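> Quick one: structure below, then a few questions.
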Amino acid sequence: MHAHSTRSPRLALLATSLGFAIICLDVTVVNVALERIQKSLASDSAQLEWVLNAYTLAFASLLLSAGALGDRLGARRIFVGGFAVFTLASIACGLAPEATALIAARAAQGIGAALCVPSSLSLLSAAFPDPKTRAKAISIWAGTASLALGAGPLAGGLLIGSFGWRSIFLINVPFGVAGIWLTLAYVPDTVRNAARRIDLMGQILAAASLVALTFAVVESGQWGWENPAVTMGLAGFAVFGLLFVLAEKRQRQPMLPLSLLQIPAVVVSSLAGLALNFGYYGLMFAMSLFFQGVWKYSPLETGLAFLPMTAVVTVANLASGTLTTRFGHRFPMVLGQALATASLLSISLIGIDSSYLAITIPLLAIGIGVALAVPSINTALLAHVDPGSTGIASGVLNTARQIGGALGVGVFGALVSGTKGQMVEGLHVGVLIAGALMAAGVVIAIAGLKPAGPVASPDSVASGR
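Residue 65 in my numbering is what sits at position 56 of the sequence shown, and the numbering runs on without skipping anything.
Shown next, in the form of structure tokens:
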């Protein structure tokens, strides 16, 4: 069955959303299983940390390369390949006999996820060429991912309690098979830029630079920024990053055309994505520590504590598409970041004896703010780049978001530790840092993006309406 003969935008949305949601679910569901994994595989704390870090390292370091490959070879081919790698790696995780095998399988999951994410956005852009319907589709795509992220701890607790920790990986398999079939049967491919050569040197240097940076960031929380290994990681990022820029300047067909970074929407979206993920993922990690370390919640109770925010995030994601269609992408981007900024700063007022309601209200507001902003960031990016560059542009955005999330977890993790009082003080410092970054994102969005009116469909533009 060929996708071009059975094209279905709705099923394309289902397939890409399914892939993105499963990947996002896996990010949070593993956290709940770490204690059971440690006991089952007799692993030490360092191995347990790398069950998380191996995935993050592979995912963040390969997003740029995956985006470029999607533009060169076709996004559908890369998406299906990534989904297949992720599904097979999930089987390997579920059957892992010891910690080293699990770490290797988690790295393979990260590779598959990196191939999927940029190409899923490219496929959405191709399936929904009308800007109005594209904005709504991206809102649904982002909403399913947000729902999966929020449901991860609860789903993980239920699966582990009923079937054991291996079930959190094996549950991916039927969804992976369904997603691959839907993509092959109903999702149209993007136009392949077959004339573009694969920039092997650029791929290697970009991956090396991002591996070094991601390693430094994820280890900084445990070792501190002054640790020699962390310092070497940052130095490696700088050296390989400089070599990458120099190599791309000399390439006729670079993996990352540097002119892409001269497009305001690309820069604004990427910086906003970094700030949003820093605040959101850092805060979610810190609040998990707070609920369990200060209030002594169980993992399942912690997952339930996040449920209200999960519900509003999904609704707000859908509202973002409507706002983008009516007012343009800048309005929900600025509104969402401003709301998240104010809510982050309000968390600096909570204490050990604060009520659940006093904490839930700002968490709800942060969830709404982030959910309003994220779809508009993706919409702004796609509206300003050439169709043949959506993969690499999406790779830039998602790399920035992953770095932001890793930085947020590292910074909040280092701050929220010690006694109950010290954990609360660290949380206060963390939200002030995150709030300052988010406020900077608001200023950058206002200054870097022009105000836009309602998003016009191609038909209305052609007819002058």
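The beta-carbon is built from N, C-alpha and C at its ideal position, and this holds for glycine as well.
Bear in mind the structure is a predicted one, so any value in this text is a computation, not a measurement.
1) Thinking just about the alpha-carbon of each residue, which of Gly-245, Met-264, Leu-132 is nearest to the one in Leu-78?
2) Use the C-beta contact count for Gln-431: other C-beta atoms within 10 angstroms, 16 or more gives buried, fewer gives exposed.
3) When you compare each of Ser-363, Gly-28, Leu-354 to Val-186 by their alpha carbons, which one comes out closest?
4) Are the CB atoms of Leu-156 and Ala-30 within a distance shorter than 9 Å?
5) Take the Cβ of Tyr-365 as the centre, count every other Cβ of all protein chains shown within 10 Å, and call the residue buried at 16 or more, exposed below.
6) Going by C-alpha to C-alpha distance, which of Ala-415, Phe-88, Ala-146 sits closest to Ile-120?
7) Taking the alpha helix (DSSP H) that Ser-431 falls in, what are its first and last residues?
8) Distance check for Ala-284 and Val-452, CA to CA, integer angstroms please.
9) Where does Pro-140 fall in DSSP's three states?
10) For Gly-422 and Val-239, I'd like the C-alpha separation in whole angstroms.
11) What is the rounded straight-line gap between the Cα of Val-182 and the Cα of Leu-358?
12) Near Ala-295, which residues of its chain fall below 7 Å by C-beta distance, leaving aside the five closest residues on each side in sequence?
13) Using a Cβ distance threshold of 8 Å, determine whether the region 222–231 contacts the region 243–252, with at least three qualifying pairs required.
14) Report the three-state DSSP secondary structure of Met-264 (helix, strand or coil).
15) Are there three or more Cβ pairs, one per stretch, closer than 8 Å when the region 324–334 is compared with the region 145–162?
16) In whole angstroms, what is the alpha-carbon distance linking Leu-22 and Leu-133?
17) Rounding to the nearest angstrom, what Cα-Cα distance links Leu-57 and Ser-297 in this structure?
18) Could you give the DSSP three-state label for Lys-258: helix, strand or coil?
Walking through what the data contain:
1) Met-264
2) exposed
3) Gly-28
4) yes
5) exposed
6) Phe-88
7) It is worth fixing the name first, because residue 431 is Gln in this sequence and not Ser. Unbroken alpha helix (DSSP H) run through Gln-431: 429–457.
8) 12 Å
9) helix
10) 16 Å
11) 44 Å
12) Phe-421, Val-425, Leu-436, Gly-439
13) yes
14) coil
15) yes
16) 7 Å
17) 18 Å
18) helix
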